[in-house]
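The block underneath contains the structure these notes are about, expressed in structure tokens.
Number of protein chains: 2
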Amino acid sequence: MNKKILPGHGSGGKMMNDLIENTIRRIFGGSSVQIDDSAVLKLPHGRIAFTTDTFTVTPIFFPGGDIGRLAVNGTVNDLAVMGAAPVYISCALVLEEGFDTGDLEKILLSMKSEADSAGVSIVTGDTKVVPHGRGDKIYINTSGIGVFERDPERRDIVPGDRILINGTIGDHGMAVMSERNRLASSGALKSDCAHLNHLIKKVTDSFPGAIKFMRDPTRGGVASVLNEITKGRSFGARLFEENIPVRNEVKGVCGMLGIDPLYVANEGKVVIIASKDAAERILDVMKRDDNGLESAIIGEIDEEFPGKAYIETEIGGKRLLPLLIEEQLPRIC
Amino acid sequence: MNKKILPGHGSGGKMMNDLIENTIRRIFGGSSVQIDDSAVLKLPHGRIAFTTDTFTVTPIFFPGGDIGRLAVNGTVNDLAVMGAAPVYISCALVLEEGFDTGDLEKILLSMKSEADSAGVSIVTGDTKVVPHGRGDKIYINTSGIGVFERDPERRDIVPGDRILINGTIGDHGMAVMSERNRLASSGALKSDCAHLNHLIKKVTDSFPGAIKFMRDPTRGGVASVLNEITKGRSFGARLFEENIPVRNEVKGVCGMLGIDPLYVANEGKVVIIASKDAAERILDVMKRDDNGLESAIIGEIDEEFPGKAYIETEIGGKRLLPLLIEEQLPRIC
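Heads up: the sequence lines are chains A and B, in that order.
Residue 38 is where the first sequence starts when you use my numbering, and the numbers rise one by one after that.
Residue 38 is where the second sequence starts when you use my numbering, and the numbers rise one by one after that.
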């Protein structure tokens, strides 16, 4: 096989077939599934969740993950936070002419390994090649289908509800930024890229009626998710600064760049709004999952600033967390 | 709204929200569906088809269509040829910084109009922005879900089966190539871009047991589809040159460029393999559909060259139609 992607790899001809057969299908496997065309699938229920995401992260390899791992986990998490069990995903590649096929293989292997661990099947795909200078190595779209194992039961968010997260914030964004800009760091910065469907299932199975809302705080970070929840509502979201888990390394780089970690993308985190009385027990369940060891209750819903998200600092000050106008960290996912 | 796409349009912030609210959601509509996250969907059956395709065609506007129309129809057709009724599609945009938002709107309107006409709902989406020189105006991924209204019933292809197509070949590829390279043409070259789910439903509803195979001959054209069908099999595919509908304008440009129309991409065509005894009646049904007025029986399955596709010319000569090694026409879809 060629060492570099050539325009012919995106044709309908033999080069494309070879790439699909010898690389993509070999890695993703599954004689019963089709990688290059529609897949025929059987679902246990007629009610599904459907999502799509294109990943354009740069660099494509970063501490804690790569674009392939991100592409699988991002879509798995989008389904999981809807309360659905992710089952099938697609993989559509846009390859830049000249891209290293060894790197492609690493990325596909990473996708396969992550999909296996998440329990999803990669069942259909597409491959396009664009000329040099019309892409950036590789962009990956993953779309996903999840099934609902029970009817979605979601009660209204009310004052007093608690805001939980399954660990430290800002790791993904800062790891990618540091790698991209070769910022000096102790090497401790690492993306939190992970699939959360198993953790989420434990929580929703244990507390089906107590979960009011779940969302993965990717682009725009935790602050943007809280803005989304509170926008136009009669309640606000108050965060307790001292409860928010942030690694010192992340704090350091954020401080250096003048960025608030609450706006930095995460790729292995879920923000959960849960009823007050169940919050501590939910926290216990989360902490027993490998992806939730540092879970914390980071805030609560209240009525002090309706429609707003704000943070109460350790010394008692309060600061609004507005939705940012534009992005601080481009191409983080 | 800004006139050009800026990096902030791909952030998790206000600019992205405005783009989604004021442009994408306004055009795609539907208060019951989410455009920027997972959609929760109800399916009538548990058996589905799932497909994905990224469209990187250049130029993005061409005679007979645009990248948006192509993106909807391509995915609708991928589902339809599987025998599924397309119901839901996703829309993931990769926008290049500096892309004209007026053009974006035209493309989204085109997607919406085509989706409405095909009877599919655009239910979930994603928007990423890449820097100038890391994309090419706009790439669109559409993934799609189709449902099976009956259990797929597909009998084996056998010698004697007929090969049908719903009209002229090569129109899409030649229209795009001519537009891209500003080739002199009478202006008669026009993409055949169309959704075929309605035509296909008529055929499969009328002749459920007679259809052996359906495929849309996009990249690689009709010749590549026939290679796919016959590869490693005990039968071959014989085409009758005089029966293959090709517009004179397409013949002309193909001749000039030294390209065989059988290898040129179509975006509104379906190749159908059907049992001999039903072929003429299927042809009649196809001809009564707006997208099948020039339908023809273009060949048959035989055993003369097992595993091969070949063409019998008007003067009785025979020529093999091998799978091409690499692409003749890049970025045609």
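We put the CB at the ideal spot given by N, CA and C, even for glycine.
Starting from the C-beta of residue i, find all residues in its chain whose C-beta is less than 7 Å away, skip the five residues before and the five after it, and write them out in chain order.
{"i": "A/L107", "result": "F92, V94, C230, E304 and C370"}
{"i": "B/G170", "result": "none"}
{"i": "A/R356", "result": "Y347, I348 and T350"}
{"i": "A/L78", "result": "Y125 and V160"}
{"i": "A/F376", "result": "Absent from the structure is residue 376 of chain A, since the part of chain A shown begins at 38 and ends at 370."}
{"i": "A/P96", "result": "E216 and R217"}
{"i": "B/N39", "result": "Residue confidence for B/N39 is low, a pLDDT of 48 falling below 50, so the modelled location carries little weight; the figure read from the coordinates is stated next. Excluding positions up to five away in sequence, the list reads T138."}
{"i": "B/E331", "result": "G204, T205 and P282"}
Which residues mark the beginning and the end of the alpha helix (DSSP H) in which residue i is found?
{"i": "A/M119", "result": "Element bounds for A/M119: n/a, residue is neither H nor E."}
{"i": "A/V322", "result": "K313 to K324"}
{"i": "B/L276", "result": "Here B/L276 belongs to no alpha helix (DSSP H); instead the beta strand (DSSP E) covers G273 to F277."}
{"i": "B/T138", "result": "T138 to A155"}
{"i": "A/T267", "result": "G258 to T267"}
{"i": "A/L357", "result": "No alpha helix (DSSP H) contains A/L357, which is instead part of the beta strand (DSSP E) from K355 to L357."}
{"i": "B/T241", "result": "N234 to S243"}
{"i": "A/K51", "result": "K51 to L56"}
Using the beta-carbon of each residue, which ones in chain B are nearer than 8 Å to residue i?
{"i": "A/T267", "result": "Within 8 Å Cβ-Cβ: nothing; A/T267 doesn't reach chain B, min ~14 Å."}
Can you pull the chain B residues whose beta carbon is under 7 Å from the beta carbon of residue i, in chain order?
{"i": "A/F87", "result": "S75, A76, L78, Y125, S127, V160, T161 and I182"}
I'd like the list of long-range same chain contacts for residue i, defined as Cβ closer than 8 Å, with 5 residues on each side in sequence excluded.
{"i": "B/T112", "result": "T88, T89, D90, P123, I126, T179, S180 and G181"}
{"i": "A/D314", "result": "A247"}
{"i": "B/V240", "result": "I248, I309, I319, V322 and M323"}
{"i": "A/V167", "result": "G47, V131, L132, E133 and E134"}
{"i": "B/I175", "result": "I97, I104, L130, V131, L132, E133, F136, D140, L141 and I144"}
Can you name the residues of chain B whose CB is closer than 9 Å to the CB of residue i?
{"i": "A/R368", "result": "P44, G47, K165, V166, V167, P168 and R171"}
Quick one: residues in its chain with C-beta nearer than 6 Å to the C-beta of residue i, no 5 flanking neighbours on either side, listed in chain order?
{"i": "A/E186", "result": "A122"}
{"i": "B/G45", "result": "M52"}
{"i": "B/D327", "result": "none"}
{"i": "B/G197", "result": "K313"}
{"i": "B/L80", "result": "V184"}
{"i": "B/I276", "result": "Rather than Ile, the amino acid found at residue 276 of chain B in this sequence is Leu. Same-chain partners within the cutoff: I335, G336 and I348."}
{"i": "B/L294", "result": "none"}
{"i": "B/R252", "result": "V118, V262 and V308"}
{"i": "A/G172", "result": "V131 and E133"}
{"i": "B/G329", "result": "N203, L236 and M323"}
Need the endpoints of the beta strand (DSSP E) that residue i sits in, please.
{"i": "A/G289", "result": "Here A/G289 belongs to no beta strand (DSSP E); instead the alpha helix (DSSP H) covers N285 to L294."}
{"i": "B/K165", "result": "S158 to V167"}
{"i": "B/E216", "result": "Careful: B/E216 lies outside any beta strand (DSSP E), inside the alpha helix (DSSP H) at D208 to N218."}
{"i": "B/L78", "result": "A76 to K79"}
{"i": "B/K249", "result": "I248 to R252"}
Along chain A, which residues have their Cβ under 8 Å away from the Cβ of residue i?
{"i": "B/K51", "result": "L360, L361, I362 and E363"}
{"i": "B/N54", "result": "L360"}
{"i": "B/G102", "result": "Within chain A, no residue comes near B/G102; the closest Cβ sits about 18 Å away, beyond 8 Å."}
{"i": "B/D90", "result": "A129 and D163"}
{"i": "B/R84", "result": "V77, L78, K79 and L80"}
When DSSP builds the beta bridges, which residues end up paired with residue i?
{"i": "A/C370", "result": "None; A/C370 has no bridge partner."}
{"i": "A/E337", "result": "A/R199 and A/R275"}
{"i": "A/D173", "result": "According to DSSP, which records beta bridges pairwise, A/D173 is partnered with nothing at all."}
{"i": "B/I180", "result": "In the sequence as displayed, the identity of residue 180 of chain B is Ser instead of Ile. B/T89."}
{"i": "B/C128", "result": "B/G162"}
{"i": "A/I348", "result": "A/L276 and A/R356"}
{"i": "B/I310", "result": "B/I200 and B/F250"}
{"i": "A/G47", "result": "In the DSSP output, where bridge partners are listed per residue, A/G47 has none listed."}
{"i": "B/R84", "result": "A/K79"}
{"i": "A/G102", "result": "A/F99"}
{"i": "B/E133", "result": "B/V167"}
{"i": "B/K41", "result": "B/D137"}
Which bits of chain A does residue i rub up against, with CB to CB less than 7 Å?
{"i": "B/T93", "result": "V131, K165 and V167"}
Below 7 Å between beta carbons is the criterion; list the residues of the region 158–186 of chain B that meet it against any residue of chain A, in chain order. With the criterion set as a beta carbon lying under 7 Å from some beta carbon of chain A, the members of the region 158–186 of chain B are V160, T161, G162, D163, K165, V167, G170, R171, G172, D173, Y176, N178, S180 and I182, in sequence order.
Got a sec: which bits of the region 252–282 of chain A sit with their beta carbon under 8 Å from any beta carbon on chain B, in order along the chain? For the region 252–282 of chain A, which is checked against every Cβ of chain B, the residues closer than 8 Å are T255, R256, G257, G258 and S261.
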